[in-house]
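Colleague:
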Amino acid sequence: MTSTHTESAVRGNQLGTLSVLAWIGDPEEGHDIPYLLAYSLGDGEDGPEAGEAAVRALLEKTGLPVGDVVTDGTRMPSLPVTVLVEAEQAVLTMPGMNVQCPAPPEWVAAADELGQVYFLFATRPWPEAAPGRPVSPEQLQAFAGDEGVLTSSAHCLLPVTKLRK
Numbered sequence: 023m024t025s026t027h028t029e030s031a032v033r034g035n036q037l038g039t040l041s042v043l044a045w046i047g048d049p050e051e052g053h054d055i056p057y058l059l060a061y062s063l064g065d066g067e068d069g070p071e072a073g074e075a076a077v078r079a080l081l082e083k084t085g086l087p088v089g090d091v092v093t094d095g096t097r098m099p100s101l102p103v104t105v106l107v108e109a110e111q112a113v114l115t116m117p118g119m120n121v122q123c124p125a126p127p128e129w130v131a132a133a134d135e136l137g138q139v140y141f142l143f144a145t146r147p148w149p150e151a152a153p154g155r156p157v158s159p160e161q162l163q164a165f166a167g168d169e170g171v172l173t174s175s176a177h178c179l180l181p182v183t184k185l186r187k
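Here it is as structure tokens:
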């Protein structure tokens, strides 16, 4: 898995570098849900704490609550968050930002089959997962499976969109 990034101007440059990872659990173990994780590296102006506050402000502006509530974006056509899946890429669009990341073939297949992805936007920075740097399954599990990260993230089911042909 390799992260990609974009810069966003939400709350000035406090947000810093945003990255997105696409992964899927082990289908043989019944974990065939496609996940999409967005996070900041915490490298924005005023440091990681300001970056976390900027992420929270972005999520609030977008209408995504932080905590253990899962927003069902598949039933909310007006939700300003979309994920486009095309050519082994996942493109996340939110107000003021557009982030693209490579998606493994099994992730794309699961997203196509289910017609949705489970999106998490972590408010806690993850500087170790810098763009272009491989992330091991153990590193991903340590971050995305951490209870503090999970309870301070926004959770949302997003419908998969495709380019019209």
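Using my numbering, you'd call the opening residue of the sequence shown number 23 and step up by one each time. Where a beta carbon is used, it is the ideal one built from N, C-alpha and C, also for glycine. Treat the numbers as computed from the prediction; the structure is a model and nothing was measured.
#1: Among the residues of its own chain, which have a CB less than 6 Å from the CB of Leu-185, if the five just before and after it don't count?
#2: What do you get for Arg-146, buried or exposed, if any count of 16 or more other CB atoms within 10 angstroms of its CB means buried?
#3: Count the C-beta pairs between the stretch 109–117 and the stretch 64–75 that are closer than 8 Å, then say yes if the count reaches three, no if not.
#4: So what does DSSP say about Leu-59, is it helix, strand or coil?
#5: Whose C-alpha, out of Pro-181, Ala-164, Ala-144 and Ala-152, is nearest the C-alpha of Ser-174?
#6: Considering only the alpha carbon of each residue, which of Glu-74, Phe-165, Met-98 and Pro-87 lies closest to Leu-43?
#7: Given a threshold of 16 other Cβ atoms within 10 Å of its Cβ, counted over all protein chains shown, does Pro-117 qualify as buried or as exposed?
#8: With burial defined as no fewer than 16 other Cβ atoms inside 10 Å of the residue's Cβ, what is the status of Glu-169: buried or exposed?
#9: Can you tell which of Leu-40, Glu-50 and Asp-54 has the C-alpha that lies nearest to the C-alpha of Val-139?
#10: Using the three-state DSSP reduction, which class does Pro-87 fall into: helix, strand or coil?
#11: Is it the case that the Cβ atoms of Leu-80 and Val-103 are separated by a distance below 8 Å?
#12: Exposed or buried, which one is Pro-99 when buried takes at least 16 other CB atoms within 10 Å?
#13: Work out the CA separation of Gln-161 and Val-92 for me, nearest whole Å.
#14: Among the residues of its own chain, which have a CB less than 7 Å from the CB of Ala-125, if the five just before and after it don't count?
#15: Grab me the residues of Gln-36's own chain with a C-beta within less than 8 Å of its C-beta, minus the 5 sequence neighbours each way, in chain order.
#16: What residues in its chain sit with their C-beta under 6 Å from that of Leu-101, if we drop five residues either side in the sequence?
#17: Which residue wins for smallest C-alpha separation from Thr-84, given the options Ala-176, Thr-183, Leu-59 and Gln-122?
Modeller: According to the structure shown:
#1: For Leu-185, where only same-chain residues beyond five positions count, the Cβ hits under 6 Å are Glu-108.
#2: buried
#3: Proximity of the stretch 109–117 to the stretch 64–75 falls short of the contact definition, fewer than three beta-carbon pairs being nearer than 8 Å.
#4: strand
#5: Ala-144
#6: Of Glu-74, Phe-165, Met-98 and Pro-87, the smallest CA-CA separation from Leu-43 is found for Phe-165.
#7: Counting Cβ neighbours within 10 Å, Pro-117 comes out exposed, since fewer than 16 surround it.
#8: Exposed: under 16 other Cβ atoms inside 10 Å.
#9: Asp-54
#10: coil
#11: no
#12: It counts as exposed.
#13: Between Val-92 and Gln-161, the C-alpha separation is close to 24 Å.
#14: Ala-44, Val-107, Glu-110, Gln-111 and Ala-112
#15: Annotation for Gln-36: Gly-66, Glu-67, Asp-68, Ala-72, Gly-73, Ala-75 and Ala-76 place their beta carbon closer than 8 Å to its own, counting only its chain and skipping 5 residues before and after.
#16: Cβ neighbours of Leu-101 beyond the five flanking positions: Gly-95.
#17: Ala-176
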